[in-house]
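Here the structure is laid out as structure tokens; the discussion comes afterwards.
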Amino acid sequence: MSLVTFDNVSKFFGEVVAVKDFSLEIHDREFIVLLGPSGCGKSTALRIVAGLELPTKGNILIKDRVVNDVEPKRRDVAMVFQNYALYPHMSVYDNIAFGLRMRGLNRREIDRLVKEAAQNLGLLELLRRKPGELSGGQRQRVALGRAIVRRPVVYLMDEPLSNLDAKLRVQTRAELIKMHRQLQTTFIYVTHDQVEAMTMGDRIAILEQGLLQQVGPPQEVYDRPANIFVAGFIGSPAMNLFPARLESRDGDLFAESEVGSFRLDAQQVRGAMDASDGEAVVGFRPEHLYLGAEGGRPVSATIDSVVDLVEYLGNETHVTFSRSDSTLVARLDARVKLKPGETVPLTVLVENLHLFDRASGRRLG
Amino acid sequence: MESSDAATVALPAPVPLRRRHPWLGELSRFGGGMLFLAIPLCLFGVFVFYPLVKSVYLGFFVSDPFGHGQEFVGFDQYREVLTSPDFRKSLGVTVLFALYTVPTGMILGLVFALLANQRLRGALFFRTVFSSTIAASVAVAAVMWLMLLNPSAGIVNWVLGQFDLPRVNWLTDPQWRQSWDSGPALMAVSLTTIWLNIGFTTLVLLAALQNIPQELYESARVDGASPWSLLRHITLPMLSPALLFVVIVASINAFQSFGQIHILTRGGPLDATNVIVYSIYTDAFINFEYGAAAVRAVALFVLVLAFTLVQFRFLAGKVFYR
Chain G
7 MSLVTFDNVS
17 KFFGEVVAVK
27 DFSLEIHDRE
37 FIVLLGPSGC
47 GKSTALRIVA
57 GLELPTKGNI
67 LIKDRVVNDV
77 EPKRRDVAMV
87 FQNYALYPHM
97 SVYDNIAFGL
107 RMRGLNRREI
117 DRLVKEAAQN
127 LGLLELLRRK
137 PGELSGGQRQ
147 RVALGRAIVR
157 RPVVYLMDEP
167 LSNLDAKLRV
177 QTRAELIKMH
187 RQLQTTFIYV
197 THDQVEAMTM
207 GDRIAILEQG
217 LLQQVGPPQE
227 VYDRPANIFV
237 AGFIGSPAMN
247 LFPARLESRD
257 GDLFAESEVG
267 SFRLDAQQVR
277 GAMDASDGEA
287 VVGFRPEHLY
297 LGAEGGRPVS
307 ATIDSVVDLV
317 EYLGNETHVT
327 FSRSDSTLVA
337 RLDARVKLKP
347 GETVPLTVLV
357 ENLHLFDRAS
367 GRRLG
Chain E
1489 MESSDAATVA
1499 LPAPVPLRRR
1509 HPWLGELSRF
1519 GGGMLFLAIP
1529 LCLFGVFVFY
1539 PLVKSVYLGF
1549 FVSDPFGHGQ
1559 EFVGFDQYRE
1569 VLTSPDFRKS
1579 LGVTVLFALY
1589 TVPTGMILGL
1599 VFALLANQRL
1609 RGALFFRTVF
1619 SSTIAASVAV
1629 AAVMWLMLLN
1639 PSAGIVNWVL
1649 GQFDLPRVNW
1659 LTDPQWRQSW
1669 DSGPALMAVS
1679 LTTIWLNIGF
1689 TTLVLLAALQ
1699 NIPQELYESA
1709 RVDGASPWSL
1719 LRHITLPMLS
1729 PALLFVVIVA
1739 SINAFQSFGQ
1749 IHILTRGGPL
1759 DATNVIVYSI
1769 YTDAFINFEY
1779 GAAAVRAVAL
1789 FVLVLAFTLV
1799 QFRFLAGKVF
1809 YR
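So the sequence lines, in the order shown, correspond to chains G and E. Using the numbering used here, the first residue of the first sequence is number 7, and each one after it goes up by one. Using the numbering used here, the first residue of the second sequence is number 1489, and each one after it goes up by one.
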């Protein structure tokens, strides 16, 4: 059973399109991440689930019931805001208890639940304090506590980690994953951070300009990006992408690009039939560029490139190469010694090649 | 440590700091501070502290018609004026006037601010209308209400007439009924004062309302709050500093109102609107009893001070400052 369903949802703010024809089924107990650059409509989509925005078109369903006209408080959702939205005039205790009080629980029950949530989040010592007297990380915990204590059917999180420093973010990320496992509840999590998305999500839904680009498990999204946008957005350093023309030569099909000509395999050839006018885009990830020959596996292209920039990161080295007027980025072993100006052959394997239609951006094959 | 010292290269001897008398630095810092304070101190001195001290001093004298202390009477004049029935009457009128104007003005201002803060078509128009009385002078407002409240030609009585209610002699009737302490006259003056203050109150509260982060409301709505709960648990607490400010300013305004009373009723009828400020004016500039006026002025000062301290004391604890 799907717990939350976007059924062809669109949201316009005047002329501005925030979300367009968005359809997505979110399963019970799933951790789904809405990912995209800022302004892509992911927060709007989340706010539509919360009831803070009404869809202009389409339906939003929670537990198979259309909730378009249902007030936020009757949707049984809890939301964690980017800036936490803690009530500054209330103590931590009152902040966590607020939702329970609004729902008319009795005092003893509230006290038990608040203390239990505070215990889990390590907030017991801070219950009397006001949000103004807490650190960023502590405030974030209070915001989480306020959501957890309510035991809703779905948790909505709008970039809850973006105001934390890097170290705390990594730590809280892990805690959220554990929390999801313990609570056994559905999480809808909005972020622009692909690392958060990859590490936390059971599935990732990628949005761009209000349109859903791809939904799938992190691995699938990374290995088989559905279009050029997803290919370029997921992964760091970003995928190398070059416009190419499909040409057949000696019984093989090649993608001719500025950096070289890439031989395609049978599956890609079949996909390439769909390419409009033979105009395509080839792509390969930085970790799939090999120095020299990579024995045994079918090679798509070997590119002689000039070393431009070497960035040593300790565990790996990022190397920027130039070839004609184009730039390639490779993720190489940390021990590789390359000097700027040096020319080296780079190998791309057929199995690592991604092919997209240039006009529509869609994946081919 | 000491042996290794001998081995190190000799450092140049530290240049001794020029020693000054220890209090010289303090003095120059104090002088600098005073320099910055000089202008406000002068202004306050001339317009606040000197008149205050002089009033207290004048209270000890029976003065001549030119305001010079004539005969030293000690506390006799204080005792006499402060225990007189007309002072007690004006004290009562003043407190009643404040009770009429302050809570009503604040609640109306809050309602207007809440209405004007709605994201509706034409909200800007109403924001302007609600706060426009801030631009009206006391004299203009008073003359306007003088016409509105005119017993025969005023619109207020006309409206009452439409509902078959008896006409009211707003500005000349001291009592609603024989036994009551207040009447239409004080009500009329209060109405004018509320009208005058409403623009300021609305403006301050509207500004404060717009400073409340929208996210708090959204969070509370998801948490299950009804519109009433939002007002009670989010809006009012977040507005509390502005509300305290408005109450204190409105109270001080009420205690110091003069213009509208002068134009509408001249303290009458039968002292029904003779607030302390107006009695000071009558004593000093009609009866030329400067000493007695000074005593009333000191009494008013103490009253306002006490009132403000009480408000701070009892309300400040409920105020939340971010």
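Note that CB positions come from ideal geometry on N, CA and C, so glycine has one too. Keep in mind the model is a prediction, meaning the values are calculated, not measured.
7 Å Cβ cut-off: residues of chain G touching residue i
i: E:Phe-1600; result: Correct list: empty, because the minimum Cβ distance to chain G is about 23 Å.
i: E:Met-1726; result: His-95
Assumed close pair residue i, residue j - CB separation to whole angstroms, cut-off 8 Å
i: E:Val-1647; j: E:Trp-1658; result: Actually they are not in contact, since the Cβ atoms of E:Val-1647 and E:Trp-1658 sit about 12 Å apart, beyond 8 Å.
i: G:Leu-297; j: G:Leu-352; result: 7 Å
i: G:Val-265; j: G:Leu-334; result: 7 Å
i: E:Phe-1743; j: E:Ala-1586; result: 6 Å
i: G:Leu-133; j: G:Tyr-99; result: 4 Å
i: E:Trp-1633; j: E:Thr-1680; result: 4 Å
i: G:Val-305; j: G:Ala-250; result: Actually they do not touch by this definition, with Cβ atoms about 17 Å apart.
Alpha helix (DSSP H) segment containing residue i, residue limits
i: E:Asn-1741; result: 1724-1744
i: G:Ile-116; result: 113-127
i: E:Thr-1616; result: 1611-1619
i: E:Val-1772; result: In the sequence as displayed, the identity of residue 1772 of chain E is Ala instead of Val. Premise fails: E:Ala-1772 is in no alpha helix (DSSP H) and is neither H nor E.
i: G:Asp-27; result: Run containing G:Asp-27: none in the alpha helix (DSSP H); it sits in the beta strand (DSSP E), 22-33.
i: G:Arg-269; result: Premise fails: G:Arg-269 lies in the beta strand (DSSP E), 267-269, not in any alpha helix (DSSP H).
i: G:Ile-194; result: Counting along the chain, G:Ile-194 falls outside any alpha helix (DSSP H), though it belongs to the beta strand (DSSP E) covering 192-197.
i: E:Met-1675; result: 1672-1698
i: G:Leu-150; result: 142-154
Residue-level contact to chain G via CB, residue i, 8 Å cutoff
i: E:Leu-1704; result: yes
i: E:Pro-1715; result: no
i: E:Met-1675; result: no
i: E:Ser-1491; result: Its pLDDT being 47, under 50, E:Ser-1491 is placed unreliably in this model, and the coordinates cannot settle the point.
Contacts that residue i makes with chain G (C-beta to C-beta distance below 8 Å)
i: E:Phe-1808; result: Pro-94 and His-95
i: E:Pro-1729; result: Ordered by position in chain G, no residue passes the 8 Å Cβ test against E:Pro-1729, which lies about 10 Å from the chain.
Residue i, enclosing beta strand (DSSP E) - first and last residue
i: G:Met-163; result: 160-164
i: G:Val-312; result: 305-318
i: G:Arg-109; result: Per DSSP, G:Arg-109 belongs to no beta strand (DSSP E) and is neither H nor E.
i: G:Met-206; result: It is not in any beta strand (DSSP E) - G:Met-206 instead sits in the alpha helix (DSSP H) that spans 200-206.
i: G:Pro-217; result: The displayed chain sequence assigns Leu, not Pro, to residue 217 of chain G. Looking at the DSSP string, the run of the beta strand (DSSP E) that includes G:Leu-217 is 217-222.
i: G:Ile-38; result: 37-41
Test: residue i CB closer than 8 Å to a CB of chain E
i: G:Met-206; result: no
i: G:Ala-91; result: yes
i: G:Gly-105; result: yes
i: G:Leu-344; result: no
Residue i: contacting residues in chain E (beta-carbon distance under 7 Å)
i: G:Pro-78; result: Arg-1709 and Val-1710
i: G:Phe-87; result: Glu-1703 and Ser-1707
i: G:Val-83; result: Val-1710
Listed by chain order, chain E residues near residue i by CB distance under 9 Å
i: G:Arg-109; result: Asp-1711 and Gly-1712
i: G:Leu-58; result: Glu-1706, Arg-1709 and Val-1710
Contact list for residue i against chain G, beta-carbon separation under 9 Å
i: E:Ile-1722; result: Tyr-93 and His-95
i: E:Gln-1594; result: Residue identity differs from the one stated: residue 1594 of chain E is Met in this sequence, not Gln. Chain G residues near E:Met-1594: none, gap ~19 Å exceeds 9 Å.
Neighbour flag for residue i against chain A, beta carbons, 8 Å
i: E:Pro-1757; result: The structure shown contains no chain A; its protein chains are G and E.
- Touch check for the segment 9-29 of chain G and the segment 165-172 of chain G: three-plus C-beta pairs under 8 Å? Between the segment 9-29 of chain G and the segment 165-172 of chain G there are fewer than three C-beta pairs closer than 8 Å, too few to call the two in contact.
- Any contact of the segment 1581-1598 of chain E with the segment 1756-1765 of chain E, i.e. 3+ C-beta pairs under 8 Å? yes
- Query: Is the segment 1541-1553 of chain E in contact with the segment 1775-1784 of chain E, if contact means three or more CB pairs nearer than 8 Å?
  - Reply: yes
- Query: Is the segment 51-62 of chain G close to the segment 114-125 of chain G, with three or more CB pairs under 8 Å?
  - Reply: no
- Query: Is it a yes or a no for the segment 1687-1697 of chain E touching the segment 1588-1599 of chain E, going by three-plus beta-carbon pairs under 8 Å?
  - Reply: The segment 1687-1697 of chain E is in contact with the segment 1588-1599 of chain E.
- Message: So, does the segment 34-45 of chain G touch the segment 100-115 of chain G, judging by three or more C-beta pairs under 8 Å?
- Response: no
- Task: Determine, using beta-carbon pairs with one atom in the segment 149-162 of chain G and one in the segment 175-195 of chain G, whether at least three such pairs fall under 8 Å.
- Result: yes
- Message: For the structure I just gave you, are there three or more beta carbon pairs, one from the segment 1691-1710 of chain E and one from the segment 1719-1735 of chain E, closer than 8 Å?
- Response: The segment 1691-1710 of chain E is in contact with the segment 1719-1735 of chain E.
- Message: Three or more C-beta pairs under 8 Å: does that hold for the segment 1732-1742 of chain E against the segment 1791-1806 of chain E?
- Response: yes
- Message: When you compare the segment 197-216 of chain G with the segment 234-250 of chain G, are there three or more beta-carbon pairs, one atom per stretch, that lie closer than 8 Å?
- Response: yes
- Message: With three or more beta-carbon pairs closer than 8 Å as the criterion, would you say the segment 60-77 of chain G touches the segment 218-231 of chain G?
- Response: Not touching, per the Cβ criterion.
- Task: Check whether the segment 1692-1707 of chain E touches the segment 82-89 of chain G, taking contact to mean three or more Cβ pairs, one atom from each stretch, closer than 8 Å.
- Result: yes
- Message: Tell me whether the segment 183-192 of chain G and the segment 142-162 of chain G touch, counting them as touching only if at least three CB pairs, one residue from each stretch, are closer than 8 Å.
- Response: yes
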